[in-house]
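Read through the structure below, which is laid out as structure tokens, and then see the notes.
There are 2 protein chains.
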Amino acid sequence: MKRKTITIHDIAKELNIAASTVSRALHNSPNISKATAEKVNAYAIKIGYRPNWIASNLRKRKTNSIGIVVPQINRNFFSSFISGVEKIAFKKNYNVIISQSNNLLEKEKKIVYSLFSNQIDGLIVSLSMQTNEFSHFKLFQENNIPLVFFDRIAPSLNTDRIIVDDFEAGYRATTHLINQGYKRIAHISGPTVLEIYSSRKNGYIKALKDNNLPVKKEYIITSHLLKEDGENSIKQFLKLKTPPDAIFCGNDTSALGIIMYLKKIGIKIPEDIGIVGFSDEPFSGLITPTLSTLRQPAFEMGEKAAELLIERIEKNENPSDFKTIVMPTTLIVRESSKTKKDL
Amino acid sequence: MKRKTITIHDIAKELNIAASTVSRALHNSPNISKATAEKVNAYAIKIGYRPNWIASNLRKRKTNSIGIVVPQINRNFFSSFISGVEKIAFKKNYNVIISQSNNLLEKEKKIVYSLFSNQIDGLIVSLSMQTNEFSHFKLFQENNIPLVFFDRIAPSLNTDRIIVDDFEAGYRATTHLINQGYKRIAHISGPTVLEIYSSRKNGYIKALKDNNLPVKKEYIITSHLLKEDGENSIKQFLKLKTPPDAIFCGNDTSALGIIMYLKKIGIKIPEDIGIVGFSDEPFSGLITPTLSTLRQPAFEMGEKAAELLIERIEKNENPSDFKTIVMPTTLIVRESSKTKKDL
DNA sequence: CTGAAAGCGCTAACAT
DNA sequence: ATGTTAGCGCTTTCAG
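In order, the protein sequences belong to chains A and B.
Per the numbering used here, residue 4 is the first one in the first sequence, and the count goes up by one each step.
Per the numbering used here, residue 4 is the first one in the second sequence, and the count goes up by one each step.
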């Protein structure tokens, strides 16, 4: 038997006042006598009144909810990012509604429309690997609902963004390998429709050129950067007449695949082949050899994204000046890219 | 300039029909002529109508949202669990609202009340490490809102539960070490107010007794199971006149702390000390030596939790028969508990 | 099959 | 300082 839900009208009736007075008392509005305010709040607590925010949301046309869409929740980068968002959102009294696209464009679209129908006040997105058109975000732009992209952004869309400088990071990773004495540096990239991967790759290419090293087509493989992709890629490379002596991987997972394969067949890291990954996954400092990589400040990016989004929501003026916040990456030098002299 | 929001009344006016007819058409109710249904849907698509689910929710007193409260989002077990929940929820047309308690009771309470005010249809919870009273869940029980606990459950609360058999798992881990020839087995436990940790510990104790091994107080340390706790615990153990020759750790993180410390000071694993962890974290199969551990099926637990919760929501009868679903753990034997003959 | 009317629970004018 | 009234956008009787 469902207990009848308690509303402000119940309180109003009991105390012989109007519902609007109860509402004011509950929100300590300035226009309320201290006496009634106290009376109302005391009684509300006594009978266990809990506001129905759905009703309030409808009336105020504001839900204090923000949506997040990520490819996968259970990936360290994303779950740390979400954790950062949640921290700020909670502090500022927003709910966080989370969905994962599973890297499927169709699911991403459904999610985005569904979040719109839920009247979220703002949306934070990292695109699916498939996403090559952005019509589903128009709804938010047309209705002036703030939108922040991070990590995998929509380059053609005019919105706020939280990113790291992938070009610079790719450049730095590659330069590091060059400085360590490696001469034939290969690269495993993710899908280059995604800006993050094309930028990392371009940074890699630029670094080679700036150091008068040749850019060889056979030294660049594009994949989905899974562990198996790493293994397949290194096999490819080893078949070449002059295999590379170092590899800059688009992420740590593919680097892991390489490391495990090379260990299996007895090629030494970093003596024979040096490796740098990307992201600083939790395992990267724990495997043998430990993996050099670029750390992205996921949690802090989440905090920044939430702060920016909520700021946009709360001073809801049409921003003409979309911000692109570039967060710093950190090159973490570990064993996989040490030179002989370091060892 | 905010575009005026499009409602069913706009459609009704344009097509000279009643709003209720539009509503019926949009939900292909049985009582609607095919002609009007098509006309309405075509026009709705044409002008880009999107339903306001907040309004619908208020009217129907159902939000199709479920809440999840976990201690931390960015922990593999929890993010995988959430991922499983999200998968099922999406399939069944539910939103998932996620919050993290950060292991703080006060935050957990706030979250739970806030989710109630958001009129969620059901709630999935793993308790904070601090939680020792459960009054905040009464609200849900009194109002007949389904509640599913998982992992860190409330033993005194009569609800549905998704768990693994921690007692059995602790027993199995310990028995495994005994079978491998270890004689002096220590245990690092988490806070024993949490059933999962007390059960693992009790399984450990039972296994010792069943094998006629002494249960020594100085071989059992209770901590928060962080990496540093692992390091501190092993230091403690090594100070004893007869230090243990194996350790069953309440989680993989503390086991990691032990492994790194033992490697540093040159004690060999598993020759000198054998180790078994708990959870099969992503790093556990990658570190050296690889860590023996008990795998919990996090993603599948999330799926099960969501399925059970949604079933409860949709046939909203008062269940007198709360279910406790026990999911299987898997003992994964890796290098850290191999005996000499295995090596 | 369609329309009219009421109302989910709350808040924000506008009065007093 | 408080009450009255009118919705927010939708669904669901109840009539016809």
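Where is the CB? At the ideal position from N, CA and C, for every residue including glycine.
From a predicted model like this one, the values you see are computed outputs, not experimental measurements.
Contact check for R187(B) against Y222(B) passes: the beta carbons are separated by less than 9 Å. Taking a C-beta distance under 9 Å as the contact criterion, N254(B) and S295(B) do not qualify as a contact pair.
Within a 10 Å sphere around the beta-carbon of V73(A) sit 16 or more other beta-carbons, which makes this residue buried.
With the criterion set as a beta carbon lying under 7 Å from some beta carbon of chain A, the members of the region 285–311 of chain B are P285, F286, L289, I290, T291, in sequence order. For the region 96–129 of chain B, the beta-carbon criterion of a distance under 9 Å to any beta-carbon of chain A is satisfied by N96, N98, V99, I100, I101, S102, Q103, N105, K110, K113, I114, Y116, S117, L118, F119, S120, N121, Q122. Under the three-state reduction of DSSP, V88(B) is assigned to helix. Chain-ordered, the chain A residues with CB closer than 8 Å to the CB of A58(B) read L61. Look at V329(A) here: in three-state DSSP terms it is strand. For A157(B), no alpha helix (DSSP H) encloses it, and the DSSP letter there is neither H nor E. A direct Cα-Cα distance of roughly 33 Å separates A40(B) from N55(A).
Straight across, the Cα-Cα distance linking F140(B) with F84(A) is about 29 Å.
Contacts with chain A at 9 Å (Cβ-Cβ) include L259(B). Secondary structure within the region 60–85 of chain B: the beta strand (DSSP E) runs of 3 or more consecutive residues, fully enclosed, are 68–73 (chain order). Counting along the chain, no beta strand (DSSP E) covers G173(A); the unbroken alpha helix (DSSP H) around it starts and ends at 169–182. Counting C-beta atoms within 10 angstroms of its own C-beta, H12(A) has fewer than 16 neighbours from the protein chains shown and is therefore classed as exposed. When CB distances to chain B are screened at a threshold of 9 Å, not a single residue of the region 331–343 of chain A falls below it. One thing to note: E284(B) has its Cβ no nearer than 9 Å to the Cβ of F81(B). Neighbourhood of P54(A) in chain B, by CB distance below 7 Å: S120, in chain order. Chain-ordered listing is empty here: chain A has no CB closer than 7 Å to the CB of N19(B), the nearest sitting near 26 Å. The C-beta of I50(A) has fewer than 16 other C-beta atoms within 10 Å across all chains shown, which makes the residue exposed. For the pair E306(A) and I91(A), the CB atoms are nearer than the 9 Å cut-off. Taken atom to atom, the span from the alpha-carbon of S340(B) to that of R78(B) is near 25 Å. Between the region 210–218 of chain A and the region 267–276 of chain A there are fewer than three inter-stretch CB-CB distances shorter than 8 Å, so the stretches are not counted as touching. Sequence-ordered contacts of the region 221–241 of chain B with chain A are nonexistent [C-beta pairs closer than 8 Å]. Shown here for S68(B): same chain residues with a beta carbon closer than 6 Å to its own, the five before and five after excluded, namely N98, I100, I123 in chain order. Under a criterion of Cβ atoms nearer than 7 Å, no residue of chain A is adjacent to L29(B); the nearest Cβ is some 12 Å distant. Among the CB atoms of chain B, one or more fall inside 9 Å of the CB of G51(A).
DSSP, read as helix, strand or coil, puts F281(A) in coil.
A direct Cα-to-Cα measurement between E136(B) and L197(B) gives close to 12 Å. Under the three-pair Cβ rule at 8 Å, the region 104–124 of chain B counts as touching the region 56–63 of chain A.
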